[in-house]
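**Student:** Same order as they appear, the protein sequences are chains A and B.
All you need for my numbering is the position in the first sequence, starting with 1, plus 1192.
All you need for my numbering is the position in the second sequence, starting with 1, plus 4.
Ideal placement from N, C-alpha and C gives every residue a C-beta, glycine not left out.
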Amino acid sequence: MAKNKIIVVGGGLSGLMATLKICEAGGEVDLFSYCPVKRSHSLCAQGGINACMDTKGEHDSIYEHFDDTVYGGDFLADQLAVKGMVEAAPKLIKMFDRMGVPFTRTPEGVLDLRNFGGQKNKRTCFAGSTTGQQLLYALDEQVRRWEVKGGVNKYEFWEFVKIIKNKDGICRGIVAQSMNSMEIKAFPADVVILATGGPGQVFGRCTASTICNGSAVSAVYQQGAAIGNPEFIQIHPTAIPGSDKNRLMSEACRGEGGRVWVYRDGKPWYFLEEMYPAYGNLVPRDVASRAIFKVCVHMGMGIDGDRRVYLDLSHIPADYLERKLGGIIEIYSEFVGKDPRKVPMEIFPSVHYSMGGIYVDRRHFTTVPGLMASGECDHQYHGANRLGANSLLSAAYSGTVSGPEAMKYCKEGKQGADLTEAELEAARQEVQAEYDKIRQMNGSENAHKLHQEMGEIMYEFVSIERDNIGLDKCLAKLKEILKRWNDIGVTDHGNWANQEAMFVRQLRNMILYAMAITKAARCRDESRGAHAKIVLDAQGQRVTDADGELQFMPRNDERFMKTTVVTYDPKTEEPIVNYEEFEHSLIKARPRNYAVAKKE
Amino acid sequence: MAEQKKTITFIIERQDSPTSAPYTQEFEIPYRPALNVVASLMEIQKNPVTKDGKKVAPVTWECNCLEKVCGACMMVINGKARQACCALIDELEQPIRLAPARTFPVIRDLLIDRSVMFESLKRVQAWVEVDGTWEVKDAPIQNPYTATTAYEISHCMTCGCCLEACPNVGPQSDFIGASPSVQAYLFNLHPLGKFDKEKRLNALMGKGGITGCGNSQNCVEVCPKNIKLTTYLAQLNRDVNKQALKNIFNK
C-alpha cells in the first residue's frame, strides 16, 4: 500500500515536530519552506521553554503551570487544549534532552530552571539564551535523519501560494513556487498542515524574521479558513528599537534579575516593582508593555524624553551573565555597541507574537476539511496573552498533535476524492496567471514603501493602546492601501529569483490580514490581555479619571469571553467577525491583577 | 566628518543568473545611525536606482532573522565573509564592497546555494540516533562542563563563513569544511550520540574528510559565533587517526 502523503508547509519547531510524528507513523512528508528549515524563525526564541520539572524544591505542579497559562491568557484560551499542552511539557523536554539539545545544567548535571514572567515558580528550561536555536536544530537533525532514511522530501526555497480543494471542498494539495527558478507547481497530498509561523511583518518593524509575513495564513483565509482571535498581538516589552527590525532582549534578562527603570527626580525609578509589588519586573508581557508605554508616552519620562527605558543587568556578576544570557548580551553589544554588563540597556516594546491565527479545533483541524494548522499560525493555547517561554512549548506540542491527527484522518479515509490532473493543472494555471500579472505591474507605487506605510499605520492604531476612532481610521487607511496595491510598479520583470514579484504577492496577503486584525480589534469592546481599549466620550475624546489616568474598557466576560472568529467575504474583500464559545469549564474566570499574588 | 557621512556608497557585485557573467553596480543611500548592510540593501529595495541614476532590478540576497542567529545573510563584505545583518556601516570602510561567497554556486547577485553544507551534515551523521520522539525514560545526566562545550559548538548556524575563508574548500580539494566536520565532534560528545562515534569518525576518513584540513586557521578567524573550530578540528583529527589504527588492527 502506498504511504499516506502529507504536505507540511513551514519548517519551524511545529512543522518539524509534525513531520517527525508523521514519519514515525509511516507517512511520507513533502516539507515546504522559504528557507533551509534550519534557518526558520523558531531559532529566534531566546529565553526558554516552560515545563513543570519541579527540580528546584518549589513544589511546582502541572496544575500551577496550567493555571498560570490560563490566568496569563486572561481566560480566553481553550482550557482543555492548554491542559494537554502543560501535561505533555516535561515529556517533551526529556525528548529534546535525548536528542542532544545542550540545555544549561546545574553543577550536578541536571537541567537548570529559571524564572519567567507571570509565573512564581522556576519552570523554564533553557539553553543559555538561544533556546529556540537549540531546539530547532535538534528537530532539524532528526528530520535530516528521516530524509536519509526516506520519508521526507524537502522543498526548501519554495513558497506556498494556495491550497487546492477537491470537488467536495476538501483540501487535497497546494500550489507552490520555486523561489529560484520561479517554477509554479501543483502538489497533491492526503492532508495539508500549515506551520507557517506568525504575521509580525504586517507591522513592519517587529522582533520577527523577515519571512514571518502571515502570507500563507492570509491565503487560506481568503480560501475559506477562519481566523481566530487575530486582534491579540503580543507586544514584547523589551526590544532594541531598530530601523530594520526591533531586536528582542529576552524576558530571561528579567528572569535572571534584570530591572526596568527610568530616572525620576534624578534617581532610578523601578516603576514595575512599584506598580506591581507581587510580580515586580516579572509581570506578563502585556502588563509590562503597557506600563513602559505609559511611562514614556503619557508621563513623558522615557530616557531623554524618548521612547526608551532602561533594562539593567549591570548589577549582576559578569560570569553569571555570560553563562545564563551570553547569546543576547552578544546581540546587544554587537548591534548597539555598548556592553550590558557595564551599562543598562535601552529598550522599548515591540510587536512580537500573535496569539491568534488560523482557527483550529483541539485536534488542529481548521474550518476547511483536510487543512490543518499548527504552531504560531494557529489560534490555540494562549488566549489573550501568551506567557513567556510558552511559545516554544506550544510550537513543539502542537506538532505532536497535528502530525498524528493528520495520519489518523488519512487512516479513517476522510480525505475523499483525489485531485484529478485537470484540477491540479487548473490550480497551477491560476497561480501562474496571477504571478505573470504581478511581474508586469507598471504602476507608480513601490511595494516596500507601501509595506512600510502599512506597518506604521498598524503600530499607530492597533498596538499597545487602541480606541475605536483610531481603529476605524486604520481600517479606512488599509482599504486605501489595498487599492494602491493595484498601482504597484515592479522594476524586476524577470523570471529568475524574482524576490520583488514574490514580495508583491505577499504584500497583498498581508494587507488583507491586517484588515482582519483591525476589524477584530474594533469589534471587541473590552480590554483583555494584549487587547487594551481606551474609553472615548460622546465627542470621541479619550476619557481620563480625576488623576488624569486614561480609562480602559473593563474585561466583559458576559459578552466577550468568546473566541473571535473572522471569515473572509470574497465579494467585499472585508473581514466578517463572529464569536464562538470555547472550553473554559476547568478554571473559573477571575479578575487578573499582578499587583497582588495570584489566588486560585 | 559628519558632512562625509550623509550618504553611504556601495559597490555591489551582481550576477543575473548562475551562468551569466558578474558585473558591478554602485548605489548611494542616505546615512542613518546604526545602519547595517541588510538595512542598507532594504533601502535599495525601496528605491532601486544606481548612483548614476539608472533604474535597475533590486539586489537579490538572502536574510531572515537579522540577529546573527539564522546564518542566512552571509556574504563577502569588504573582502571578508560575514553576516550582513551585523555588519554595521559605522564600522566599515567606504565604499562598501559586497560580493557573493563564491565558494558556493551563485544563484543571483548575493544569493548563493549552500546545499552542499547540509549534504555534509548527512555524511557525518550529525544527529543522535534516538529511538523515536516518544517517551523512553529520563534522559541521562550530563557533565555540565562537557555540556558547555557542546553548547558552544551547537551555535554553528551553517552560514558557511568558514568554508568561504578556507583555502582547502573549493574546486582544488574535496574538503567538506570546518563547520560540518566539527558537528561530528559535537555529537560524539553527547552521552547517547557517542554510541555512533565510530560511524562519524569513519565518515571523516577518505575523500573530503579531515585530512583535507590544511590547518590554515582561517576558519576560526571568521567564525561569527567564535567557535574554537581549530581546537575541535585538531581533536577530531586525533580521534580519526586513532579510529583508523583501530580499523587496521580489528580487521
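Report yes or no: is there a C-beta of chain A within less than 8 Å of the C-beta of B:Ala6?
**Tutor:** Locating residue 6 of chain B in the second sequence gives position 2, counting from the first residue. Residue confidence is low: B:Ala6 scores 47 on pLDDT, short of 50, so the model does not pin down where it sits. No coordinate-derived value is stated.
**Student:** Could you check where the alpha helix (DSSP H) with A:Arg1337 kicks off and where it finishes?
**Tutor:** Translated into positions along the first sequence, residue 1337 of chain A becomes position 145. Segment Thr1323 to Lys1341, the alpha helix (DSSP H) holding A:Arg1337.
**Student:** Are the CB atoms of A:Thr1399 and A:His1571 within a distance shorter than 8 Å?
**Tutor:** Position 379 of the first sequence holds residue 1571 of chain A. Position 207 of the first sequence holds residue 1399 of chain A. No. Outside cutoff.
**Student:** Measuring only the C-alpha atoms, how far is A:Met1374 from A:Ala1368?
**Tutor:** Within the first sequence, residue 1374 of chain A is the residue found at index 182, counting from 1. Within the first sequence, residue 1368 of chain A is the residue found at index 176, counting from 1. Looking at the two C-alpha atoms, the distance is approximately 9 Å.
**Student:** With 16 other CB atoms within 10 Å as the buried threshold, where does A:Ile1768 fall?
**Tutor:** The residue you call residue 1768 of chain A lines up with position 576 of the first sequence. With fewer than 16 other Cβ atoms within 10 Å, it is exposed.
**Student:** Can you check DSSP and say which residues form a bridge with A:Trp1453?
**Tutor:** Mapped onto the first sequence, residue 1453 of chain A falls at position 261. According to DSSP, A:Trp1453 bridges with A:Tyr1502.
**Student:** For a contact defined as C-beta to C-beta under 7 Å, what are the partners of B:Asp178 on chain A?
**Tutor:** On the second sequence, residue 178 of chain B is found 174 positions in, with the first residue counted as 1. None at all; the shortest Cβ gap to chain A is about 20 Å.
**Student:** Relative to the C-alpha of B:Ile214, which residue among B:Ser119, B:Thr11, B:Asn254 and B:Leu233 is closest?
**Tutor:** As a working note, residue 214 of chain B is residue 210 in the second sequence. That would be B:Leu233, whose Cα lies nearest to the Cα of B:Ile214.
**Student:** Helix, strand or coil: which one does DSSP assign to A:Lys1377?
**Tutor:** Numbered from 1 along the first sequence, position 185 holds the residue referred to as residue 1377 of chain A. In this structure, A:Lys1377 counts as strand in the three-state DSSP scheme.
**Student:** List the residues of chain A whose Cβ lies closer than 9 Å to the Cβ of B:Gly164, in chain order.
**Tutor:** Taking the second sequence and counting its residues from 1, one reaches residue 164 of chain B at position 160. Here the premise fails: no neighbours, minimum Cβ distance about 11 Å.
**Student:** Run through DSSP, which three-state label would A:Asp1222 get?
**Tutor:** Residue mapping note: residue 1222 of chain A aligns to position 30 of the first sequence, counting from 1. Strand.
**Student:** So is A:Leu1642 buried or exposed if we call it buried at 16+ other beta carbons inside 10 Å?
**Tutor:** Position 450 of the first sequence, counted from the first residue, corresponds to residue 1642 of chain A. Buried.
**Student:** Which residue wins for smallest C-alpha separation from B:Ile48, given the options B:Val73, B:Thr11, B:Ala76 and B:Pro22?
**Tutor:** Taking the second sequence and counting its residues from 1, the one referred to as residue 48 of chain B is at position 44. Checking every option, the nearest Cα to that of B:Ile48 belongs to B:Thr11.
**Student:** When you compare the CB of B:Ile111 with every CB in chain A, is at least one pair closer than 8 Å?
**Tutor:** Indexing the second sequence from 1 puts residue 111 of chain B at position 107. It does: the Cβ of B:Ile111 has a partner Cβ on chain A nearer than 8 Å.
**Student:** I'd like to confirm the pairing. Which residues does DSSP put opposite B:Ala154 in its beta bridges?
**Tutor:** Translated into positions along the second sequence, residue 154 of chain B becomes position 150. Answer is none; B:Ala154 lacks a bridge partner.
**Student:** Just mark A:Pro1391 as buried or exposed, buried being the case when its beta carbon has 16 or more other beta carbons within 10 Å.
**Tutor:** In the first sequence, counting from the first residue as 1, residue 1391 of chain A sits at position 199. Buried.
**Student:** Here's a check: name, in chain order, each residue in its chain whose Cβ is nearer than 8 Å to the Cβ of B:Ala6, leaving out the five neighbours to either side.
**Tutor:** The residue labelled residue 6 of chain B in the question sits at position 2 within the second sequence. For B:Ala6, the pLDDT reaches just 47, beneath the cut-off of 50, and the residue's location in the model is therefore unreliable, leaving the point undetermined.
**Student:** So is A:Pro1228 in contact with chain B if we call contact Cβ pairs under 8 Å?
**Tutor:** Residue mapping note: residue 1228 of chain A aligns to position 36 of the first sequence, counting from 1. Chain B contact via Cβ: present.
**Student:** Compute the Euclidean distance between the alpha carbons of A:Cys1363 and A:Gly1343, then round it to the nearest angstrom.
**Tutor:** The residue you call residue 1363 of chain A lines up with position 171 of the first sequence. The residue you call residue 1343 of chain A lines up with position 151 of the first sequence. Near 21 Å, if we compare the C-alpha coordinates of A:Gly1343 and A:Cys1363.
**Student:** Of all Cβ atoms in chain B, is any one closer than 8 Å to the Cβ of A:Leu1235?
**Tutor:** Numbered from its first residue, the first sequence carries residue 1235 of chain A at position 43. Yes, A:Leu1235 counts as interfacial toward chain B.
**Student:** Taking Cβ positions only, does A:Phe1527 come closer than 8 Å to chain B?
**Tutor:** Here residue 1527 of chain A refers to the residue found at position 335 of the first sequence. Output row for A:Phe1527: interface = yes.
**Student:** Counting Cβ pairs, one atom from each stretch, are 3 or more of them under 8 Å apart for the segment 1559–1578 of chain A and the segment 1436–1454 of chain A?
**Tutor:** No, the segment 1559–1578 of chain A does not touch the segment 1436–1454 of chain A.
**Student:** Would A:Arg1231 and B:Ala76 qualify as a contact pair, given that the criterion is a beta-carbon distance under 8 Å?
**Tutor:** Within the first sequence, the letter at position 39 stands for residue 1231 of chain A. Within the second sequence, the letter at position 72 stands for residue 76 of chain B. Yes.
**Student:** Count the other CB atoms, across all protein chains shown, that sit within 10 Å of the CB of A:Trp1805; report buried if there are 16 or more and exposed otherwise.
**Tutor:** In this structure chain A extends from 1193 to 1792, so residue 1805 of chain A is not present and cannot be described.
**Student:** Say the cut is 7 Å; is the CB of B:Arg204 nearer than that to a heavy atom of the ligand COA?
**Tutor:** By its list of ligands, the structure shown contains no ligand whatsoever, and the ligand COA lies outside what it can speak to.
**Student:** Would you call the segment 199–211 of chain B and the segment 125–141 of chain B in contact, with 3 or more CB pairs under 8 Å?
**Tutor:** Because the criterion of three Cβ pairs below 8 Å is met, the segment 199–211 of chain B and the segment 125–141 of chain B touch.
**Student:** Which residue comes first and which comes last in the beta strand (DSSP E) that contains A:Gly1647?
**Tutor:** The residue you call residue 1647 of chain A lines up with position 455 of the first sequence. A:Gly1647 -> not in any beta strand (DSSP E); alpha helix (DSSP H) instead, spanning Ala1639 to Phe1653.
**Student:** Who are B:Thr13's beta bridge partners in DSSP?
**Tutor:** Position 9 of the second sequence, counted from the first residue, corresponds to residue 13 of chain B. B:Glu32, per the DSSP bridge assignment.
**Student:** Count the other CB atoms within 10 Å of the CB of B:Thr162; is the residue buried (16 or more) or exposed (fewer)?
**Tutor:** Taking the first residue of the second sequence as 1, we reach residue 162 of chain B at position 158. Answer is buried; the Cβ neighbour count reaches 16.
**Student:** Can you give me the Cβ contacts of A:Gln1334 inside the same chain, cut-off strictly under 7 Å, excluding the 5 residues immediately before and after it?
**Tutor:** For the purposes of this step, residue 1334 of chain A is identified with residue 142 of the first sequence, where counting begins at 1. So the qualifying residues of the chain are Leu1212 and Met1291.
**Student:** Going by DSSP in three states, A:Leu1793 sits in which element: helix, strand or coil?
**Tutor:** Limits of chain A in this structure are 1193 at one end and 1792 at the other, which puts residue 1793 of chain A out of reach.
**Student:** DSSP state of A:Asp1570, grouped into three classes?
**Tutor:** For this step, residue 1570 of chain A is matched to residue 378 along the first sequence. Correct three-state label for A:Asp1570: strand.
**Student:** Excluding the 5 residues flanking A:Tyr1793 on each side, which residues of the same chain have their C-beta closer than 8 Å to its C-beta?
**Tutor:** Because residue 1793 of chain A is not part of the residues shown, which for chain A are 1193 to 1792, the question remains open.
**Student:** Buried or exposed, going by whether 16 or more other CB atoms sit within 10 Å of the CB of A:Arg1714?
**Tutor:** Here the question's residue 1714 of chain A lines up with position 522 in the first sequence. By the 10 Å Cβ count, A:Arg1714 comes out buried.
**Student:** Secondary structure at B:Met5, three-state DSSP: helix, strand or coil?
**Tutor:** As a working mapping, residue 5 of chain B is identified with position 1 in the second sequence. A caution first: B:Met5 carries a pLDDT of 43, below 50, which makes its placement in the model too unreliable to give a value.
**Student:** Any beta carbon of chain B sitting closer than 8 Å to that of A:Trp1677?
**Tutor:** Start at 1 with the first residue of the first sequence, and residue 1677 of chain A comes out as number 485. By this cut-off, A:Trp1677 is not an interface position.
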